[in-house]
Ligand SMILES: Nc1ncnc2c1ncn2[C@@H]1O[C@H](COP(=O)(O)OP(=O)(O)O)[C@@H](O)[C@H]1O
Ligand SMILES: [Mg+2]
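Numbering (this note's numbering), first residue to last: 191 to 445.
Written as structure tokens, this is what we have:
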């Protein structure tokens, strides 16, 4: 199997804080990996390092066998890596459809539509982006909300919209940062269903950050658990569920 993503001894500190410490793991094509750990464990920092928001202090990050340590965020996106954010980043006043179209245009700038735009076919590009974005909204169950202001969507649907925006970039690797945060049990069930569907339908490789272990046990093939910046366990959901260090990390956590 070929690794899509590989972290080798990756570290990052902020002043005196060792946010990520000697992290190594790899993600195979088609994987659905869970990245779990208590608050402050360094999970989001891992995504920020992969996507070029921060530079590593030490170590290597490889995507499809190529070192991407020095790449800028837009370069990482153009390679086929998309992410969602722990804190939602949608345009509240714009419509649901406009939110997806704005993201999709970013993709087109780097792809097939670049050629079209160069020869001045803006209208064709706009039309294509619109129909493609509507199709995506249908896939994530938001088509009937297309013209509604995104900020007026219920929270769970805003999370869905953010996922649609990420998929509109046509990624190979999708990084989801706590997509279930703030959801009730029913919403989490629906969201997990959506993640399983898009993973299959879009041939995605997914890394899914989650704070609560139980949420992703059902859908992830393999789970990496970190605490205080370092990996403390890795394995199947069953292995992680009974892993002494993982249990210890979660003990005494109450929220
Ligand atoms: N930009 C930053 N500046 C300073 N400290 C940071 C920064 N980003 C993250 N950290 C620190 O790194 C640690 C890990 O944070 P984070 O990756 O957000 O954890 P998690 O996502 O697992 O909750 C925390 O102690 C956090 O305060
Ligand atoms: Mg986080």
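Beta carbons: idealized from backbone N, C-alpha and C, even for Gly.
If you're wondering where the values come from, they're calculated on a predicted model, not measured in any experiment.
Could you check which residue in 354, 273, 207 and 258 has the C-alpha nearest to that of residue 287? 354
Option in 282, 253 and 260 with minimal Cα separation from residue 272: 253
3 or more residues per run - each beta strand (DSSP E) lying fully within the stretch 358-388: List check, beta strand (DSSP E) in window: 363-367.
Any non-hydrogen atom of ligand 1 within 7 Å of residue 230 CB: For residue 230, the CB falls within less than 7 Å of some heavy atom of ligand 1.
Ligand 1 and residue 233: does any heavy atom of the ligand fall closer than 7 Å to the residue's C-beta? yes
Below 7 Å, is the gap between the Cβ of residue 368 and the nearest heavy atom of ligand 2? Indeed, a heavy atom of ligand 2 lies less than 7 Å from the Cβ.
What's the gap between the Cα of residue 411 and the Cα of residue 362? 17 Å
Note down the Cα distance separating residue 416 from residue 245, rounded to an integer number of angstroms. 20 Å
Does any heavy atom of ligand 2 sit closer than 7 Å to the C-beta of residue 208? no
Please find out if some non-hydrogen atom of ligand 2 comes closer than 7 Å to the beta-carbon of residue 348. no
Is residue 276 near ligand 2, judged by its Cβ being under 7 Å from some heavy atom? yes
Among residues of its own chain, excluding the 5 on either side of residue 295, which ones have a beta-carbon nearer than 7 Å to its beta-carbon? 319
Skipping 5 residues on each side, what residues in its chain have a beta carbon closer than 7 Å to that of residue 452? Limits of the chain in this structure are 191 at one end and 445 at the other, which puts residue 452 out of reach.
Inter-residue spacing [alpha-carbon to alpha-carbon] between residue 330 and residue 206: 42 Å
Less than 7 Å between the CB of residue 255 and some heavy atom of ligand 1, yes or no? Of the heavy atoms belonging to ligand 1, none sits nearer than 7 Å to the Cβ of residue 255.
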